[in-house]
Amino acid sequence: MWTSVELSPTTRPLFPGRCAGCGCDAPQKTFLVGCSPVVLIFNLRTPILEKAPACDACLLMLRKNAWFLFFGALLAGIGTLLVIAELLFQLNLPAQPLWVGVLILVGMGAGCLLPMLLLAHWFPPRPIEIWSLGGNRHYLFKDEGYAEEFRAINVQAANGD
Ligand SMILES: [Zn+2]
C-alpha cells in the first residue's frame, strides 16, 4: 500500500534526513526519484526527477531491483514477441500489401512494449514514485511513516516556518 502526498508543481520537495529505503539516520547517498514509465509516456514534455536520500545498502538494493526489473521486462517483451509471431504464423496469412505489414509490425511493437511497461508500473524498484499528469504532483511512498514526515516537512516549509 502506497501513501500519497500531494504538492504543487512549483514546490521544491524536501525529503526527511533519513534513508527513504530503510529509514536509517544520516544516509550518505541519494537516488533519483521520478515517474513510472506509464506516467512518463503521458508527461514527456516535463519529466520530473528529484533526489531522495538513501544509505549505501539501500542504494545497492535499488540498483539490483532496477536490473531485475529491466531483465524481467526484457524477457516479458521477448516472450510477448514470440507469442505474437507464433500466432501470426498459425494464421498462415496470404501475402498482404505493404501497409498491412507495417501495421502488423507496429502492433507487434506495441504488444511487446505493453507488458514491459506494466511490469515496470506494477513493480516499481524505488520506495518513492511521482505521479504527475499536468497538475499537482503526487509523491507516493511505500513507507507510510516516511510519507507523513515528508508531508510535515513540506507543509512547514510552505507555511514559511
Ligand atoms: Zn537504507
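The opening residue of the sequence shown carries number -17 in the numbering used here; numbering runs sequentially from there. All residues carry an ideal CB built from backbone N, CA and C; glycine is no exception. This structure is a prediction, so every number in the text was calculated from the model and none was measured.
Proximity of Trp113 and Cys17 at Cβ, strictly below 8 Å: yes
Pair within 8 Å by beta-carbon distance, Val15 and Glu32: yes
Supposed close pair Cys1, Pro9 - CB separation, criterion 8 Å: 4 Å
Per-residue DSSP class, three states only, for Lys46: helix
Gly(-1): CB within 7 Å of a non-hydrogen atom of ligand 1: no
Pro79: CB within 7 Å of a non-hydrogen atom of ligand 1: no
Residue environment, Trp60, which counts as buried when at least 16 other CB atoms sit within 10 Å: Rather than Trp, the amino acid found at residue 60 in this sequence is Ile. Label assigned to Ile60: exposed.
Contact test: Ala36 Cβ vs ligand 1 heavy atom, cutoff 7 Å: yes
Whole-angstrom C-beta distance between Tyr121 and Ile135, which should lie under 8 Å: Actually they are not in contact, since the Cβ atoms of Ile135 and Tyr121 sit about 12 Å apart, beyond 8 Å.
Beta-carbon gap between Leu107 and Asn47 smaller than 8 Å: A quick correction: the sequence has Pro, not Leu, at residue 107. Cβ distance < 8 Å, so Pro107 and Asn47 count as in contact.
First and last residue of the uninterrupted beta strand (DSSP E) at Ile110: Ile110 to Trp113
Contact set for Gly116: own chain, Cβ-Cβ below 7 Å, skip 5 residues either direction: none
Cys17 (DSSP reduced to helix, strand or coil): strand
Separation of Thr12 from Pro35, as counted between CA atoms: 4 Å
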